[in-house]
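Engineer: Please see the structure below; I have some questions.
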Amino acid sequence: MAEIRQVGDLELRRPAAPVRRAGRTVRDDLELMAATMAAVGGVGLAATQVGLNRRLAVIDVGEGRLDLVNPEVVRSEGQTVAWEGCLSVPEVMGRVTRAERVTVRAMDGRGRTIWVEGEGLLARALQHEIDHLDGILFVDRAEELDYHDELKGAPGEPVRRRGGPEAATPTMPLRAMRIVFMGTSAFAVPALTVLAQPAYNVVGVVSQPDRPAGRGGRLQAPPVKLAALERGLAILQPGRVDVVGDELARWKPDLVVTAAFGQFLPRRILDLPTRGCVNLHASLLPRHRGAAPIQRALLAGDAVTGVSLHYIDEGMDTGDVILRRQVPIAPDATGGALHDRLADLAAGLVREGARLIARGVVPRLAQDESQATRAPRLGPEDEVLVWQRPAVELERRVRALSPAPGAHVLYDGRRLKVWRAAVGRDPGAPGEILAVEGDTLRVATGDGSLILEVVQPGSGRMMSAGAFARGRRLQPGMLIGS
């Protein structure tokens, strides 16, 4: 019987190498894997779970043993949601969406091509084990996690888990894990709201200082500070987080959680909590690292986005990923609507992540640098609608920058903000007014036309683009904007 690798072992995250020839060594490996699976009562086992970097898997769901060499899914149908467990992630169950039926092509232990038609439990087992061979754990795909109660022992003591050796990280009761939360903007408030519940132990909150806001320049507290005060939590507001290292040390944190905090954590802070520092980032890392991931996803025309919970290192959103959750981006999604949806998603993610961290069963997936993209903070140049660009891009920009800071063109030397627009196909010279129709104003772009629907001139009120055009006597053939 081989030792089963447990979550946290980097070998579980390394994609397995294809098998070039199915010889005796491969058959011996399959026999060892089958014996190990039977000894612990499993229904499937991948080679990476026993430290073998080969694309091998064994499965037995009660219909006879399957030995699979270089398995790949070549067809899938339907969808089904069910709970899964894993010998490498003991004491955790996850609700995972999988294909209902799959066809898998592989070789057997003697190199002969085989085809496996799987449905129900067999289909789920096939997908689960092939994921293992790609370095993916079921917790990466889980929509919800649940935890068994068998984990016992005093805080700080290693715990024996079923199906594996002692954990490298000891378990501790969730309520005993001392959490410091760092956040500033409204995105972080739902996550703090979750962690402020009685099941958790937030010992303090760190936020940015109050800043002048509005026309009067009156000091305004950040949303996280207000949320912390409502819940009676201790709060620090340093201009630079490194100056409150001593105060943080007195809080004796086991875990630091950050979300939209706005400052880098120095090494002294990173080394302070016993279980590390983690961050909630509003993208599917490594895509859109940086300060404006929500707007950049919309500007790029991404079909999906999500939230990542990852360990913090000294880079910009470069640490190992613990959990990710994905959502589709609606065709009419604005920056504000997507922000709120991802903030709620982050709250659920931190709930699951905190439980995993307390129990010492933390998946860690190194980010693929070849897939990394940047999401830098928006600048004034990002707010301008340049008519030479395609209408599709301009419509995305309008949505991405709504409700703040807003996209605009210049009219009579003043900003005309565009809050809602649609894409048209009419050709024309970029910036040329093509039509004023009802509540809309149609303007030619570098490719197609942009149909302005809601605008706001200068510091005035929002109005229909058609009403704006008629009030200024704009006519087809005139140019608008610079």
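If you count the sequence shown from 1, you need to add 28 to reach my numbering. Think of the CB as a built atom: it goes at the ideal place given N, C-alpha and C, for glycine as much as any other residue.
#1: Between which two residues does the alpha helix (DSSP H) holding R169 run?
#2: With a 10 Å radius around its C-beta and 16 neighbouring C-beta atoms as the bar for buried, classify G494 as buried or exposed.
#3: D368 by DSSP, collapsed to three states: which one?
#4: Can you tell me the Cβ-Cβ gap for R123 and A151, rounded? I've got them flagged as a contact below 8 angstroms.
#5: Using 8 angstroms as the Cβ pair cut-off and three pairs as the minimum, do the stretch 333-352 and the stretch 381-401 touch?
#6: Could you tell me the alpha carbon to alpha carbon distance between S492 and T221, rounded to whole angstroms?
#7: Look at the alpha carbon of P186 and the alpha carbon of R383, and state the distance between them as a whole number of angstroms.
#8: Ordered along the chain, which non-local residues of its own chain (more than five positions away) have a Cβ less than 6 angstroms from that of G113?
#9: Considering only residues of the stretch 231-275, which uninterrupted beta strand (DSSP E) runs meet the minimum length of 3 residues and lie entirely inside it, listed in chain order?
#10: Thinking C-beta only, is P281 closer than 8 angstroms to L300?
#11: Using CA atoms only, rank isn't needed, just tell me which of G474, L308, G304, V464 is closest to F496.
#12: When DSSP labels each residue in this structure, what does L315 get in the three-state scheme?
#13: I need the DSSP call for L469, collapsed to helix, strand or coil.
#14: Quick check on this structure: which residue in R296, L257, L254 has the alpha carbon closest to the alpha carbon of D274?
#15: Give me the DSSP bridge partner(s) of N229.
#16: How long is the line joining the alpha carbons of Q354 and I322, rounded to whole angstroms?
#17: So for T76, helix, strand or coil by DSSP?
#18: Identify which residue in L73, L293, V420 has its Cα closest to the Cα of G474.
#19: Leaving out the 5 sequence neighbours to the left and right, which residues in its chain are closer than 7 angstroms to K253 when beta-carbon positions are compared?
#20: Measuring straight from C-alpha to C-alpha, what distance separates R500 and W447?
#21: Measuring straight from C-alpha to C-alpha, what distance separates V482 and D467?
#22: Would you call the stretch 38-48 in contact with the stretch 162-176, where contact means no fewer than 3 C-beta pairs closer than 8 angstroms?
#23: If distances are taken between C-alpha atoms only, which option among T286, P240, P237, V167 comes closest to A216?
#24: Indicate whether V86 and I32 have their beta-carbon atoms separated by less than 8 angstroms.
#25: What residue range is occupied by the uninterrupted alpha helix (DSSP H) comprising M65?
#26: CA-CA distance, R427 and A361?
#27: Cα-Cα, which of L84, T76, I207 is closest to A386?
Structural biologist: On the basis of the data shown:
#1: Here the alpha helix (DSSP H) through R169 covers 166-169.
#2: Per the 10 Å Cβ criterion, buried.
#3: DSSP places D368 within a helical segment (H, G or I) once states are collapsed to three.
#4: Not a contact, Cβ separation roughly 16 angstroms.
#5: Yes, the stretch 333-352 is in contact with the stretch 381-401.
#6: Those two C-alpha atoms are separated by around 38 angstroms.
#7: Any reading at P186 needs caution, since the residue's pLDDT is 30, under 50, leaving its predicted position unreliable; the model's value is listed next. The straight-line gap separating the alpha-carbon atoms of P186 and R383 is approximately 16 angstroms.
#8: Around G113: M121.
#9: Runs found: 239-241, 246-248.
#10: Yes, Cβ-Cβ distance for L300 and P281 is below 8 angstroms.
#11: When the alpha-carbon of F496 is set against those of G474, L308, G304, V464, the nearest one is in V464.
#12: What sits at residue 315 in the sequence shown is Arg, not Leu. Three-state result, R315: coil.
#13: Reduced to three states, the DSSP call for L469 is strand.
#14: That would be R296, whose Cα lies nearest to the Cα of D274.
#15: According to DSSP, residue pairing for N229 in a beta bridge involves R206.
#16: Rounded to whole angstroms, Q354 to I322 spans 13 angstroms at the Cα level.
#17: Assigned with DSSP and collapsed to three states, T76 falls in helix.
#18: Its Cα nearest to that of G474, the residue V420 stands out among L73, L293, V420.
#19: Here the set comprises S235, I263, Q265.
#20: Rounded to whole angstroms, R500 and W447 show a C-alpha spacing of 19 angstroms.
#21: So the alpha carbons of these two residues sit roughly 8 angstroms apart.
#22: By the C-beta criterion, the stretch 38-48 is judged to be in contact with the stretch 162-176, since at least 3 inter-stretch pairs fall below 8 angstroms.
#23: Residue T286 is the option with its Cα nearest to A216.
#24: No. Outside cutoff.
#25: In this chain, the alpha helix (DSSP H) harbouring M65 covers 52-68.
#26: Inter-residue distance for R427 and A361 is about 7 angstroms (C-alpha atoms, whole angstroms).
#27: Among L84, T76, I207, the Cα nearest to that of A386 is on I207.
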